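Following: one structure in structure tokens, then a few remarks.
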Amino acid sequence: MKVDYCTCGVDSPETVDALKLKALYKPPISYFHKITLQIPSEQRRRSGGGGGGDGRRRRSPVMLSFFSLSSLQNPSLRSPLLLMATKTLTVIPANPEEDLDDSLCSDLAQQDQEEEEEQHQQQQQQRLSRGGGGLGGEGHAERAWTHWRKLGSPKMVVAPMVDNSELPFRMLCRKYGAAAAYTPMLHSRIFSENAKYRSQEFTTCKEDRPLFVQFCANDPDVLLEAAKMVENHCDYVDINLGCPQRIARRGNYGAFLMDNLPLIKSLVEKLALNLNVPDAGGSWMFLLAVHGRTRDEKDGKKFRADWNAIKTVKDAVRIPVLANGNIRHVSDVYSCLEETGVEGVLSAETLLENPALFAGFRTPEWVGDNEHSNKEGGLDQADLVIEYLKLCEKYPVPWRMIRSHVHKMLGDWFKLHPTVREDLNKQSKLTFEFLHDIVKRLRDLGAEIPLYLENTQAAALANGYDQS
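Those letters in the sequence shown? Residues 1 to 468, per the UniProt record's numbering, in order.
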């Protein structure tokens with residue numbers, strides 16, 4: 001099995017050859033990775049609204065990310081996402097029943113419209129053909145790094161998690177060291193059609209930056225409509241082309257879109273050419289986020305992510321790269337940065353159990369036999385639940401999200417006292433008072449499970465980790 005890494009840009013042999021990284025694995029494994037296309041954007045002044053924008057005029061990028069699958073058995077997957085041909089103009093003829101003057105006016109109007117559309121298409125093609133394209137290009141790489149540094153070079157990022165990386169949880173993680181965060185995956189069609197869905201699933205605030213908004217989609221026009229609604233309230237728009245779950249297969253999105261690369265091409269180009277990019281010099285990939293597991297390796301606790309595969313990608317490109325997989329505590333952050341050479345890491349499942357992970361705190365599970373080199377950090381998961389509930393009162397979200405986080409953060413505590421968990425499960429209508437009482441009951445029962453910090457200089461550095 002061979003991995004061919006996708007490009008979106010000029011169809012030059014140099015670009016394509018540079019991106020065909022020859023990573024060989026035993027069949028039937030096929031590695032997938034996420035690629036990011038980012039375009040600088042001049043945001044319009046907006047006031048208030050569902051996105052919580054502050055109304056200032058500022059430059060902001062649009063990011064597209066996707067996973068790529070390729071195999072020797074399917075040659076059609078070997079050079080994906082090359083530029084499409086210029087679209088054909090359709091001219092509507094004048095009404096034959098109109099008089100001569102009206103017909104002449106209609107003809108002139110049609111000619112003007114045709115000239116405008118032709119000029120617009122030429123401008124689009126010029127944008128796509130400038131700036132290096134793909135993952136190469138010196139000018140493109142410089143822009144990628146410039147933008148990355150403007151964002152503060154975030155090293156620790158909250159990964160996108162359905163129903164779990166919502167605003168209160170993002171803000172909790174940011175308090176404890178996360179430098180950037182993804183929203184949950186949003187369904188582009190429902191998002192564009194349903195105002196209630198938008199208000200529940202996408203909330204943000206001024207402090208919630210840098211922010212990456214992720215959509216699943218299989219219709220370019222629908223995706224664009226959804227992206228237009230958030231472009232002034234985030235730092236990136238992200239296409240989910242990596243979800244390996246069965247629901248993604250049924251909905252024809254996520255990693256299963258990789259069976260239809262022309263559709264992916266149209267999704268990418270629709271956003272690249274139509275979002276608000278007045279000063280864009282082309283469509284460039286500015287960031288590469290690589291998940292070191294295969295599409296079939298869904299259980300992160302069962303399958304270890306392959307950091308060597310991530311390093312292979314990092315060594316082959318000249319733009320910032322993020323790694324995803326095996327980040328269980330802050331020492332893993334350092335190890336991953338050193339072993340792969342990437343600029344930052346994503347964390348998902350472990351962060352749900354321990355939102356203070358990036359601040360150097362770790363659960364007893366990851367202390368192991370090194371208790372002598374660790375000390376209690378003066379914080380536990382019950383403390384984190386209380387903080388999370390306060391954030392939920394400030395930034396309301398659906399109760400199903402809150403219930404899920406309480407289960408995740410107090411999972412070890414519930415193992416000691418399963419009757420308390422049963423009472424939580426029986427409660428169909430949650431209240432903050434009830435959840436605070438759950439925490440109090442666990443404490444009264446003696447379920448004290450501290451979080452630990454390494455008793456070394458490294459732990460001190462972890463708490464004040466330089467994210468610039």
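Idealized CB from N, CA, C, for every residue including glycine.
Computed from a predicted model, the values in this text were never measured in an experiment.
How would you label S188, buried or exposed, when you count the other beta carbons within 10 angstroms and need 16 or more for buried?
Within the sequence shown, the letter at position 188 stands for residue 188. By the neighbour-count rule (16 or more Cβ atoms within 10 Å), S188 is buried.
Quick one: what does DSSP say P450 is sitting in, helix, strand or coil?
Residue numbering aside, residue 450 sits at position 450 when the sequence shown is read from its first letter. Note: P450 maps to strand in three-state DSSP.
L275, DSSP secondary structure in three states:
Position 275 of the sequence shown holds residue 275. Coil.
Can you tell me which residues form a DSSP beta bridge with D380?
As a position in the sequence shown, residue 380 is number 380, starting the count at 1. Looking at the DSSP assignment, D380 forms a beta bridge with P450.
Can you grab the Cα-Cα spacing for the pair F202 / N240, in whole Å?
The sequence position of residue 202 within the sequence shown is 202, counting from 1. The sequence position of residue 240 within the sequence shown is 240, counting from 1. Their backbone Cα atoms lie some 16 angstroms apart in a straight line.
Contact under 8 angstroms by Cβ, A141 with I386:
For the purposes of this step, residue 141 is taken as residue 141 along the sequence shown, with counting starting at 1. For the purposes of this step, residue 386 is taken as residue 386 along the sequence shown, with counting starting at 1. No. Outside cutoff.
Boundaries of the beta strand (DSSP E) in which G344 is found, first to last residue
By 1-based counting over the sequence shown, the position of residue 344 is 344. It spans G344 to S347 - the beta strand (DSSP E) in which G344 sits, taken as one unbroken run.
Look up M258 in the DSSP assignment and give the residues it is bridged to.
Position 258 of the sequence shown, counted from the start, is the residue given in the question as residue 258. Partner(s): none; M258 has no beta bridge.
Short Cβ contact (8 angstroms threshold) for L357 with N324:
Indexing the sequence shown from 1 puts residue 357 at position 357. Indexing the sequence shown from 1 puts residue 324 at position 324. It is not a contact, given that the beta carbons lie outside the stated cut-off.
Buried or exposed by the 16-neighbour rule on C-beta atoms within 10 Å, applied to L451:
Locating residue 451 in the sequence shown gives position 451, counting from the first residue. When all chains shown are included, L451 counts as buried.
Within this structure, are the beta carbons of W307 and T350 separated by less than 8 angstroms?
Position 307 of the sequence shown holds residue 307. Position 350 of the sequence shown holds residue 350. Not a contact, by the Cβ cut-off of 8 angstroms.
Does DSSP put H187 in a helix, in a strand, or in coil?
Within the sequence shown, residue 187 is the residue found at index 187, counting from 1. Of the three classes helix, strand and coil, the one that applies to H187 here is strand, per DSSP.
Spatial distance of R295 from E353 (CA atoms):
Stepping through the sequence shown from its first residue, residue 295 is reached at position 295. Stepping through the sequence shown from its first residue, residue 353 is reached at position 353. Rounded to whole angstroms, R295 to E353 spans 24 angstroms at the Cα level.
Quick check: K270 and L223, are their CB atoms within less than 8 angstroms of each other?
Locating residue 270 in the sequence shown gives position 270, where the first residue counts as 1. Locating residue 223 in the sequence shown gives position 223, where the first residue counts as 1. Yes, the Cβ-Cβ distance between K270 and L223 is below 8 angstroms.
For S70 and F215, I'd like the C-alpha separation in whole angstroms.
As a working note, residue 70 is residue 70 in the sequence shown. As a working note, residue 215 is residue 215 in the sequence shown. In this prediction, S70 has a pLDDT of 31, which is less than 50 and means its spatial position is unreliable; what the coordinates show is noted afterwards. Cα to Cα, the separation comes out at about 23 angstroms.
Keeping to the same chain, check which residues put their C-beta closer than 7 angstroms to that of V439; ignore five residues upstream and five downstream.
Mapped onto the sequence shown, residue 439 falls at position 439. Contacts found: A382, V385 and I386.
Beta-bridge partners of N324, as assigned by DSSP:
Residue numbering aside, residue 324 sits at position 324 when the sequence shown is read from its first letter. Paired residues: H291 and L346.
Whole angstroms are fine: how far does the CA of P364 sit from the CA of N374?
Residue 374 sits at position 374 when you count from the first residue of the sequence shown. Residue 364 sits at position 364 when you count from the first residue of the sequence shown. Rounded to the nearest angstrom, the two C-alpha atoms are 10 angstroms apart.
With DSSP collapsed to three states, give me the class of K375.
As a first step, residue 375 is located in the sequence shown; it is residue number 375 there, counting from the start. The answer is strand: DSSP assigns K375 an E or B state.
Is L151 close to chain B? Criterion is C-beta to C-beta, closer than 8 angstroms.
The structure shown contains no chain B, having only a single protein chain.
Which word fits P355, buried or exposed, when buried means at least 16 other C-beta atoms lie within 10 angstroms of its C-beta?
Counting from 1 along the sequence shown, the entry for residue 355 is found at position 355. So P355 ends up on the buried side.
Enumerate in chain order the residues of its own chain whose CB-to-CB distance from H436 is below 8 angstroms, with the five nearest sequence positions on each side excluded.
Looking up residue 436 in the sequence shown gives position 436. These residues qualify, in order along the chain: I386 and L389.
In whole angstroms, what separates the C-alpha of V162 from that of M185?
Here residue 162 refers to the residue found at position 162 of the sequence shown. Here residue 185 refers to the residue found at position 185 of the sequence shown. Straight-line Cα distance between these residues: approximately 5 angstroms.
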